[in-house]
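Using UniProt numbering, you'd call the opening residue of the sequence shown number 1 and step up by one each time. Every residue, glycine too, gets a C-beta built ideally from N, C-alpha and C.
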Amino acid sequence: MTTSSGTRHTTFTAFLVGARSLWQHPGLAVAFLVATLTQGTLQGGMVWALRQVLIILNGPGGMNRRVLLVGALAVCAIWFVRAAGIYAAQVLAGRLASRVELRWMREVLEKLLTLPVSFFDKSSRGDLVMTAYNDTKTVRLVTVQFGQLVLYLSQLAGLMVAAWAMSAKLTLIGLFFAPLGCVPVYWLGRRLTEAARREQKQGVSLQDSYLQLTSGIRVIKVNAGESQILERARQVSQQLWRSVLRQIHAGGLARLLLDGVEGFGLILILVIGGADVAAGRMPWQSLLGLLLAVMAIYAPVLGLLSIYSYIRQAIPDLDRLDRILNTVPEIQDRPGARPLHEGPATIELRNVSFTYNGQPALSDISAVIHRGETIGIVGPTGAGKSTLLSLLLRFYDPTDGAILFDGVDLRDLRHRDLMSQSSIVLQEPFLFIDTIANNIRMGRPGATLDEVVAAAKAAGVHDEILQMEFGYETVVGTGPEARGLSGGQKQRICVAAALLKNAPLLFLDEATNSLDSVSEAKVQAAIERLMRHRTTFVIAHRFSTLRNADRIIVLEQGRMVGFDSRTRLLTSCKTFRKLWASQMALVSDSPEVLPRRPEMMDV
């Protein structure tokens, strides 16, 4: 639930992005621009120097070795200074571009970390990955293009001065049609942007396909779905290829138009200039120098065209990046937000309702949870259990009503305090690509190894960690790096992290679901110790996890149809009785399960 103030970029504003990125590193930027201007302006100087040497050598004095030597040294000096400028500009451009890219990647990451869960629920994973990785590279290249713009403009200025000095008339004639070639180029630029937007959309679809493949490979294999995945990828790839081809054709057509303009201008210079040379109005050396200058002028003109084409194609990436960086999260601290005191709190749900995507998810929920209580949350699939948990953690704000902590609206408390005083263990365990020790330290980065080990022992996973080759320094994760861990081991590492954090608010989403009976007993005992003197919410899909719940919230179709102890709910709540009966049926139908889970009969 966020709002974005991102606007669509134009060619000018895209250049401003590059300029701002450049000037965020002023020392490097000044050195880079000096080197760029040096190499650019000296190109015209070389043409002028060559022309002067030719005129002197062909003058009344004839061939003069001393003049030839001085002229050659002058041209060489200009050449080497220009070469030094090129080298310096390339090195500085590389350093600048790398710093710009790293800075933007850091900005995107920092921004993403400030956005609420609701933003990620509504965003494509492929789109976010492309923004963080691809679009930041685009800013880097736009910054380099801004430097190239300075280079080409300085080259153009130097060559124009040299050509003008040789013949203002022929220079104007040779370049007269150049502006006409820019009109269709401008029109083609709009087509480039449209094609780039299509390419961006199809690139995200392809990225999502790859992410789905890696995360759902087991389902794909079991259902023999390889051909379907390949067909979808083929269709998206074909669309992507067509978009790229449109950009190539548009860019090639623009180059063809300017090449035609250049050729026509050179023909006019040869015809008119040749007549001037024949009539003695112009030395042939000046005509030769002018031809070289005009031919050289079109090189930076083509360079400017290339920059324009690239910027037009980069605009969609800059727009997407802008949308992320200008997204204003709705879940943020109010002005004057109060700190949340440490320790358990009395929590009140006061007429809480929540609408998601226009559909009611929770309706008029009211309840008071006392300090240190363990509250179970049960209900059929889609009843709103996870939604209620998300509201309590303020991943979302209620549409109507309020959640109060010790009488204070949760929206008036600092969200960071709520997060620091909460621990959560999800049904699907998540581990970062890091060592086991650092995964357990997630809630307390400064915890000692002894504290980490104590938490792992309490979670019943210490002995298994020691059996691994690198022990607590074993690198794990949620992808291939974690293939050596069972689901139960990953879950217990997550439980150990919650135990180590030791937060006063505990949220459990069937935290023992992946454990065998022996490990479950160990972890359940550790969690029960953790629950003491803490406020705990337990989403329960199996009622065995509710045996220590003080009270249970029963949800059905987003409404609270019961809130009491399990004993009273069995007599007063029809929905709870149905859920309980279905659990008992599962137990009675499985003779192997019944002896291992006798506690289910206590529900």
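- Between Gly265 and Tyr152, the CB-CB gap reaches or exceeds 7 Å.
- Listed in chain order, the non-local C-beta contacts of Ser154 below 6 Å within the same chain comprise Leu37, Gly40, Thr41, local neighbours out to five positions each way being set aside.
- Counted as a single uninterrupted DSSP element, the beta strand (DSSP E) harbouring Ile369 occupies residues 359 to 369.
- Judged by their CB atoms, Leu318 and Ala35 are not nearer to each other than the 7 Å cut-off.
- Distance from the Cα of Leu410 is smallest, within the candidate group Gln467, Glu348, Val142, for Glu348.
- Ranking Ile365, Leu321, Leu245, Val244 by CA distance to the CA of Arg559 puts Ile365 first.
- By the criterion of a C-beta distance shorter than 6 Å, Ile424 is surrounded in its chain by Phe507, once the five residues flanking it on both sides are discounted.
- By the neighbour-count criterion, in which 16 or more other beta carbons inside 10 Å mark a residue as buried, Gln228 falls on the exposed side.
- In the displayed model, Pro335 falls within coil according to three-state DSSP, outside both helix and strand.
- With a 10 Å radius around the Cβ and a threshold of 16 neighbouring Cβ atoms, Trp241 comes out exposed.
- Inter-segment contact for the segment 139 to 146 and the segment 99 to 108 is present: three or more beta-carbon pairs are separated by less than 8 Å.
- Going by C-alpha positions, Gln491 is about 17 Å away from Asn502.
- Within the segment 410 to 443, the complete beta strand (DSSP E) segments of 3 residues or longer fall at 422 to 425, listed in chain order.
- Distance from the CA atom of Leu485 to the CA atom of Arg320, rounded to whole angstroms, is 38 Å.
- Shown here, Asn548 sits in coil according to DSSP, grouped into three states, outside any helix or strand.
- A straight line joining the alpha-carbon of Gln207 with that of Arg234 spans about 13 Å.
- Ser353 is bridged by DSSP to Asp400.
- According to the DSSP assignment, Pro316 belongs to the alpha helix (DSSP H) that extends over 284 to 325.
- Rounded to whole angstroms, the Cβ separation of Thr535 and Ala345 is 7 Å, and the two are in contact under 8 Å.
- According to the DSSP assignment, Arg559 belongs to the beta strand (DSSP E) that extends over 559 to 564.
- With distances taken between CA atoms, Gly71 lies nearest to Met46 out of Val81, Gly85, Met46.
- Within the DSSP bridge table, the entry for Pro445 names no partner.
- Here the segment 157 to 175 makes contact with the segment 277 to 297; the two share three or more CB pairs at distances below 8 Å.
- Remark: C-beta atoms of Thr143 and Ser21 approach each other more closely than 7 Å.
- Each residue's CA atom was taken as its position, placing Val108 and Trp48 some 48 Å apart.
- Nearest to Ala88 by alpha-carbon distance, out of Ile493, Ala29, Ala77, is Ala29.
- Pairing Val244 with Ile311, the inter-Cα distance amounts to about 15 Å.
- Bounds of the alpha helix (DSSP H) holding Leu151 are 136 to 166.
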